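Undergrad:
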Amino acid sequence: MKISDTKTFGKAIRDRRKKLGYTQKYISDFTGISVTFLSDLENGKKTIELGKALLIANLLGLDIELNERG
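Residue numbers (this note's numbering): 7 to 76.
#1: Would DSSP call Thr29 helix, strand or coil?
#2: Which residues in the same chain as Gly39 place their Cβ atom closer than 8 Å to its Cβ, once the five residues preceding and following it in sequence are excluded?
#3: Measure the alpha-carbon distance for Lys17 versus Lys25 and round it to whole angstroms.
#4: Which whole-angstrom value is the C-beta distance of Arg22 and Leu66, which I expect to be below 8 Å?
#5: Starting from Glu48, trace the alpha helix (DSSP H) both ways and give me its first and last residue.
Set out below in structure tokens:
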């Protein structure tokens, strides 16, 4: 999936979380990251902390890869 904005990134996170059967509360309890942050992330809020967003993506088994446009 090509990620071009925060909304697309958030949708990818939400879709994967749901596919795995995890709740936001479960991830919050496991990581110590607030449910509010997770909700903001999944809703595409633009002021999300990149480090936390990458942690959640990795936790959900998603790889983040940057490629040069050709």
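Idealized CB from N, CA, C, for every residue including glycine.
For clarity, every value in this text was computed on a predicted model and none was experimentally measured.
TA: Reading it off the structure:
#1: Stepping through the sequence shown from its first residue, residue 29 is reached at position 23. Here Thr29 carries a coil assignment [DSSP, helix/strand/coil].
#2: In the sequence shown, the residue the question calls residue 39 occupies position 33. At residue 39 the sequence reads Ile, which differs from the Gly that was named. Within the same chain, Ile39 has close Cβ partners Ile33, Lys58, Leu61, Ile62.
#3: Locating residue 17 in the sequence shown gives position 11, where the first residue counts as 1. Locating residue 25 in the sequence shown gives position 19, where the first residue counts as 1. Each residue's alpha carbon lies about 12 Å from the other.
#4: Within the sequence shown, residue 22 is the residue found at index 16, counting from 1. Within the sequence shown, residue 66 is the residue found at index 60, counting from 1. About 5 Å separates the Cβ atoms of Arg22 and Leu66, confirming a contact at the 8 Å cut-off.
#5: Counting from 1 along the sequence shown, the entry for residue 48 is found at position 42. 41-48 is the span of the alpha helix (DSSP H), which, as asked, contains Glu48.
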